[in-house]
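Step one of this worksheet: look at the structure below.
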Amino acid sequence: GAVVSQHPSRVICKSGTSVKIECRSLDFQATTMFWYRQFPKQSLMLMATSNEGSKATYEQGVEKDKFLINHASLTLSTLTVTSAHPEDSSFYICSARLAGGPYEQYFGPGTRLTVT
Amino acid sequence: AQSVTQLDSQVPVFEEAPVELRCNYSSSVSVYLFWYVQYPNQGLQLLLKYLSGSTLVKGINGFEAEFNKSQTSFHLRKPSVHISDTAEYFCAVISPWDSGGYQKVTFGIGTKLQVIP
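For the record, the sequence lines run as chains S and X.
For the first sequence, counting from 1, position 87 maps to 82 in the working numbering; every step adds exactly one.
So the working numbering is basically just the index in the second sequence, starting at one, shifted up by 1.
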C-alpha cells in the first residue's frame, strides 16, 4: 500500500518551453503532497507543500510563478516548470502524506528533467 | 530554525560487518525523525521513523535507530550489512503541523553506504 507514482519518469525539453510533472497517490488519499528537487550528489530540497484545494506553500527562494503547483484532487498534484532553462535541469521528487495518517511521507520514483 | 547534519558523506564497510550512519539535528520544537533509503535513480523508501515512545526503533531490512534527545541524535545501525544495502541514506526531521497546516521538512545531505564484498 501507499504507492505514489510520477509521470513522466524522464523528460527532455527545449529551453523556453513548459513541462508538467504529475504526482499521483495510487491507493490512498493524500490531503498533502510535497515537491522536492534534488541536485546531483545533494540532498532533497523542499520546494513547496501542496494541500488539496488550496494554494501551495512555497519555501523561501522558490519562484512560485516559475514552479506552478496544482493539487486538484486528493490523489493528484502537478508541478509545471514554466519557461524552463538549463539550470532547471534536476531530479524532481514528489511525496504524499496519508489523509489523517501519521507523519511519514511516501515518495514517488522521481522525474529527471533535462532542459537543453 | 531546523537543521539536519549527516556527518559522513560516504561510509565504506565490508559485507557482514556492522555499520552506523550518524545523524544529528537541531530544532526549537519537538520533531519527528525519519530515515529513508534511496537507490540509484529512484525515489525514497522509508526505513524507519521515531514519533514518540521507545527511543529504539526498528525498521525494515534489519535496520534500527536510537533517538537520543540529550545528544539530539538519531543514528542508524545495522549489525551485519549485505551488498544489497549499498545505497544512499537520508535522515529527515519533520515538525508538527502548525495552526496554518504547515509542516517543516528538512533532509540531511545523505550518506552513501558502500558495501564491499
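Every residue gets a Cβ at the ideal spot worked out from N, C-alpha and C, and that includes glycine.
Just so it is clear, the structure is predicted and the values come from calculations on it, not from any experiment.
Proximity test, Cβ basis, 7 Å: residue i and chain S
i	result
residue 108 of chain X	yes
residue 63 of chain X	no
residue 54 of chain X	no
residue 43 of chain X	yes
Contact list for residue i against chain S, beta-carbon separation under 7 Å
i	result
residue 1 of chain X	No statement about residue 1 of chain X is possible, as the shown extent of chain X runs from 2 to 118 and does not include it.
When the options are compared against residue i, the one with the closest alpha-carbon
i	options	result
residue 55 of chain X	X/75, X/92, X/37	X/75
residue 110 of chain X	X/7, X/2, X/82	X/7
residue -2 of chain S	S/33, S/67, S/91, S/14	S/91
residue 118 of chain X	X/32, X/86, X/105, X/51	X/86
residue 20 of chain S	S/42, S/7, S/102	S/102
residue 31 of chain X	X/4, X/46, X/16	X/4
residue 72 of chain X	X/27, X/16, X/53, X/39	X/27
residue 114 of chain X	X/35, X/29, X/40	X/40
residue 91 of chain X	X/18, X/15, X/70, X/106	X/106
residue 46 of chain X	X/79, X/53, X/88	X/88
residue 18 of chain S	S/109, S/58, S/69, S/54	S/69
Collapsed DSSP secondary structure at residue i in the structure displayed
i	result
residue 81 of chain S	helix
residue 20 of chain S	strand
residue 64 of chain S	strand
residue 62 of chain X	helix
residue 29 of chain X	coil
residue 85 of chain X	helix
residue 43 of chain X	coil
residue 89 of chain S	strand
residue 34 of chain S	coil
Below-7 Å beta-carbon distance, residue i vs any chain X residue
i	result
residue 104 of chain S	yes
residue 88 of chain S	yes
Contact set between residue i and chain X, taken where Cβ atoms lie within less than 7 Å
i	result
residue 99 of chain S	35, 47, 50
Closer than 8 Å at the beta carbon, the chain X residues around residue i
i	result
residue 21 of chain S	In chain order: nothing, as chain X lies at least about 13 Å away.
Under 8 Å by beta carbon: chain S residues contacting residue i
i	result
residue 91 of chain X	38, 39
residue 11 of chain X	Simply none; closest approach about 10 Å.
Chain X residues whose Cβ lies nearer than 9 Å to that of residue i
i	result
residue 62 of chain S	Simply none; closest approach about 16 Å.
Residues that residue i contacts on chain S, provided the C-beta gap is smaller than 9 Å
i	result
residue 104 of chain X	27, 29, 44, 92, 98
contact_flag[the segment 16 to 28 of chain X, the segment 66 to 75 of chain X] where n(CB pairs < 8 Å) is 3 or more:
Enough Cβ pairs lie closer than 8 Å, so yes.
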